[in-house]
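Under this note's numbering, the first residue of the sequence shown carries the number 489, and numbering increases by one thereafter.
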Amino acid sequence: MRDLYSQFTPLSFEGENKVLSLTEAIRRFIRPEMSLHFMSMHWRPNAIIYELFRQFHKKDPKFIFIATFVIGPAVICFHSGMVKKVITTFLGDSHPFPGPNPVYVNLFRDRKLEIENWSVLSLNQRLMAGAMNLGFFPTRSILDSSMADENSESFSVVDSPFDAGKRVGVVKSLRPDLSLVHGLAADQYGNTILAPPFGEDIYGVLASKEGAIVTVDRIVSSDLIRKYSHMVKLPGHLVKAVCEVPFGAHPNGVNNQKVPEIENYSDDIDFFIDIRKACKKQSSLDLWIEDWVLGCETHQDYLRKLGYGRINSLKGRTQSDSWMYEVNCLVDDAVINKELTSPELMIWICAQKIIEKVKNGGYKLILPGAGLSNLAAWMAHYLQDSNCDLSVNLISEWGYGGYHPQPGNPFLFNDANSRTCKFLSDVGMTLGCFFSGYENNECLGILGGAQIDKNGNINSTRIPPMTYITGSGGANDVVSGVKEVVAVIYQDKNRFVEKVPYITSPGCRVSTVVSQLGVFEKSEENGEFCLTAYFSNAQTDREEIISSIKENCGWELKVSSKIERIIPPTNDQLQLLRMFDPWAYFVK
489 MRDLYSQFTP
499 LSFEGENKVL
509 SLTEAIRRFI
519 RPEMSLHFMS
529 MHWRPNAIIY
539 ELFRQFHKKD
549 PKFIFIATFV
559 IGPAVICFHS
569 GMVKKVITTF
579 LGDSHPFPGP
589 NPVYVNLFRD
599 RKLEIENWSV
609 LSLNQRLMAG
619 AMNLGFFPTR
629 SILDSSMADE
639 NSESFSVVDS
649 PFDAGKRVGV
659 VKSLRPDLSL
669 VHGLAADQYG
679 NTILAPPFGE
689 DIYGVLASKE
699 GAIVTVDRIV
709 SSDLIRKYSH
719 MVKLPGHLVK
729 AVCEVPFGAH
739 PNGVNNQKVP
749 EIENYSDDID
759 FFIDIRKACK
769 KQSSLDLWIE
779 DWVLGCETHQ
789 DYLRKLGYGR
799 INSLKGRTQS
809 DSWMYEVNCL
819 VDDAVINKEL
829 TSPELMIWIC
839 AQKIIEKVKN
849 GGYKLILPGA
859 GLSNLAAWMA
869 HYLQDSNCDL
879 SVNLISEWGY
889 GGYHPQPGNP
899 FLFNDANSRT
909 CKFLSDVGMT
919 LGCFFSGYEN
929 NECLGILGGA
939 QIDKNGNINS
949 TRIPPMTYIT
959 GSGGANDVVS
969 GVKEVVAVIY
979 QDKNRFVEKV
989 PYITSPGCRV
999 STVVSQLGVF
1009 EKSEENGEFC
1019 LTAYFSNAQT
1029 DREEIISSIK
1039 ENCGWELKVS
1049 SKIERIIPPT
1059 NDQLQLLRMF
1069 DPWAYFVK
């Protein structure tokens, strides 16, 4: 009878053993001219990028890279000429603040790289169509943007078959050759634990013709996989090879979401900053690659170079109270003894407008983009008073829901914020569901950008003929879906322009713009922005200030008859603001 019962007991190690070294997995399954999808969650498969570079640099493999965000170490593959085309929503630097990367800017200028621009949701919907074996997928995103014109072979506008008189965008399905993934843990068959927030989710893997190569921080038994089956988003039948690569997401961090068998580690901001510095010159990036990639023959060599102290520090920073110790060391110098800067003023003004919009508009969700916009939303979150209930949920496009912004790290998707979330989801839920029904929703978007015109159109992609910025990210999806948008953009004649040369995000729902000089709101008469509030110090004449604001505007600016003067923040309010960016990454 005992033998009979044992037949019904699941095996501790089930399925084909697909465990390979990372070196062998890349050698066996990746070929020149493949389209490679890099799965984007909170972290990226960075160890795979290093090994891909080791095996293919100087071989001209002509890869096509598909990734929601192309950031961090991925730049080395472009620098070496391995990539002929990239399909993405954001191509640039991200940590600790977003901006253009000289490598991508120069490659685009010299016509050595083809960039296919999408928004976060529209690219994800292309992969969803591929995953579902559909030819296309409907979307609200990228309508009336320059991306719609650029991508005419993969995007079309059609009449809705069920809503007479309405039009809808459709995106063509996208099917990569192979996906590259980093997960928390997997068994030998490749059943992989992925921790929320799920970002783009696994549609790219499901759409890939040849499945996925997966790296994980730890290979575990099938018994442990069963224990956390609710987090096994990626089943083993989709996996070609699984590789145990501890710290395989570095310099991104990994949040284990209470799977104690796997250790947390935080984003290595200093490492990201070092890459950014190296990218300023070809020679310095060559030296960085020689040091950190070619100089480390295996991932173990890479970990030894990182060092025990640095690895332990990154693990320690995932503790819930770690920010207290870091920020406390900087409070006196970084928070108190400096004058108000222009970026800080923009954040302060924008925070006031957010509070006003929530009071008057009854918003339930606020989605800030990266940059000054997210710091303004965070500031507003803490400036609640008895007349304004800002217990509305802060949402990030990547799947953070109802989070409570933490001091110290100003990066929008920082790990400390994810630990304060009341719910975690993915891009399809945040951008596709929460924010896409703009006729009925109660959502407020806060966005930045490189340029804005008098009608609210925002450009964050490129300036003709060949200057590349970064791309849309989720900005277009926000503008395409929410009820109202507040933009926060630095003002000069090159940024406040008559008409943007590239529409990343159409201006239809951009109602307000905040600059370091004042507040601009749309006129109901002509749909153009006019000046409604200005900032001044006690020593400057009002007419002189307004004249200066007009001189720094690229269109003939109208001034409201009820123009207001902006009052600067108090010392306590300024101290609160600076707690979010004590290293002054954003507010210099």
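Just so it is clear, CB atoms sit at the ideal spot from N, CA and C, and this is done for glycine as well.
Beta strand (DSSP E) segment containing residue i, residue limits
i: Ser644; result: 643-647
i: Val704; result: 700-707
i: Ser667; result: 666-674
i: Val693; result: It is not in any beta strand (DSSP E) - Val693 instead sits in the alpha helix (DSSP H) that spans 691-695.
i: Gly933; result: 931-935
i: Lys765; result: Where Lys765 is concerned, there is no enclosing beta strand (DSSP E), although the alpha helix (DSSP H) it sits in stretches over 757-766.
i: Gly1053; result: One detail in the question is off: residue 1053 reads as Arg in this sequence, not Gly. Unbroken beta strand (DSSP E) run through Arg1053: 1046-1054.
i: Asn905; result: Element bounds for Asn905: not the beta strand (DSSP E) but the alpha helix (DSSP H), 903-906.
i: Asp941; result: 939-941
i: Leu853; result: 853-856
i: Leu579; result: 571-579
i: Thr556; result: 551-558
i: Asn605; result: 602-605
i: Val658; result: 655-660
i: Ala1072; result: Note, Ala1072: premise wrong, no beta strand (DSSP E); not H, not E.
i: Val727; result: 727-732
Cβ-based burial, residue i [other Cβ within 10 Å; buried from 16]
i: Cys1041; result: buried
i: Phe496; result: exposed
i: Tyr493; result: exposed
i: Met570; result: buried
i: Ile537; result: buried
i: His718; result: exposed
i: Thr1028; result: exposed
i: Ala963; result: buried
i: Arg532; result: buried
i: Ala619; result: buried
i: Ser874; result: Bear in mind that a pLDDT of 48 at Ser874, under 50, signals an unreliable position, so the number given afterwards is only what the model happens to contain. It counts as exposed.
i: Ile518; result: buried
i: Asn1014; result: exposed
Where the alpha helix (DSSP H) containing residue i begins and where it ends
i: Glu788; result: Note that residue 788 corresponds to Gln in the displayed sequence, not to Glu. Unbroken alpha helix (DSSP H) run through Gln788: 787-794.
i: Val593; result: 590-597
i: Ser861; result: 860-870
i: Gly849; result: 830-849
i: Lys715; result: 710-715
i: Cys565; result: 563-567
i: Ala535; result: 534-544
i: Leu1065; result: 1059-1067
i: Ile777; result: 770-777
Beta-carbon proximity of residue i to residue j, cut-off 7 angstroms
i: Val998; j: Ile934; result: no
i: Pro856; j: Ala868; result: no
i: Val730; j: Lys942; result: no
i: Asp903; j: Ser771; result: no
i: His583; j: Phe760; result: yes
i: Ile713; j: Ala513; result: no
i: Gly890; j: Asn881; result: yes
i: Val645; j: Ala673; result: no
i: Leu853; j: Ile883; result: yes
i: Ser960; j: Ser607; result: yes
i: Thr556; j: Glu688; result: yes
i: Ile835; j: Leu802; result: no
i: Gly1086; j: Asn945; result: A question about residue 1086 goes unanswered here, because the residues of the chain that appear run from 489 up to 1076.
i: Ile630; j: Glu604; result: no
i: Ala636; j: Phe643; result: yes
i: Ser948; j: Thr958; result: yes
i: Ala737; j: Asn534; result: yes
i: Trp811; j: Pro739; result: no
Chain C contact for residue i (CB, 7 angstroms cutoff)
i: Pro590; result: The structure shown contains no chain C, having only a single protein chain.
Residue i beta carbon near the ligand FAD (any heavy atom closer than 6 angstroms)
i: Ala868; result: Here there are no bound small molecules, and the ligand FAD is not part of this structure.
query: Does the count of Cβ pairs from the stretch 609-625 and the stretch 658-673 closer than 8 angstroms reach three?
result: yes
message: For a minimum of 4 consecutive residues, which ranges assigned as the alpha helix (DSSP H) are wholly contained in the stretch 957-1031?
response: 963-969
message: Could you check whether the stretch 933-951 touches the stretch 792-801, counting it as contact only if at least three pairs of C-beta atoms, one from each stretch, sit closer than 8 angstroms?
response: no
- prompt: Quick check: the stretch 526-533 against the stretch 668-682, are there 3 or more CB pairs under 8 angstroms?
  reply: yes
field: the stretch 535-552 contacting the stretch 757-774, beta-carbon criterion three pairs below 8 angstroms
entry: no
- request: At 3 residues or longer, and completely inside the stretch 609-648: list those beta strand (DSSP E) runs for me, N to C.
  value: 624-627, 643-647
field: Stretch pair the stretch 977-985 + the stretch 1003-1021: three plus CB contacts closer than 8 angstroms
entry: yes
3-residue-minimum beta strand (DSSP E) runs that sit fully inside the stretch 501-530, ordered along the chain: 523-526
- prompt: Are there three or more Cβ pairs, one per stretch, closer than 8 angstroms when the stretch 706-726 is compared with the stretch 744-754?
  reply: yes
message: Using 8 angstroms as the cut-off, can you tell me whether the stretch 910-918 makes contact with the stretch 950-957, which would need three or more C-beta pairs spanning the two stretches below that distance?
response: no
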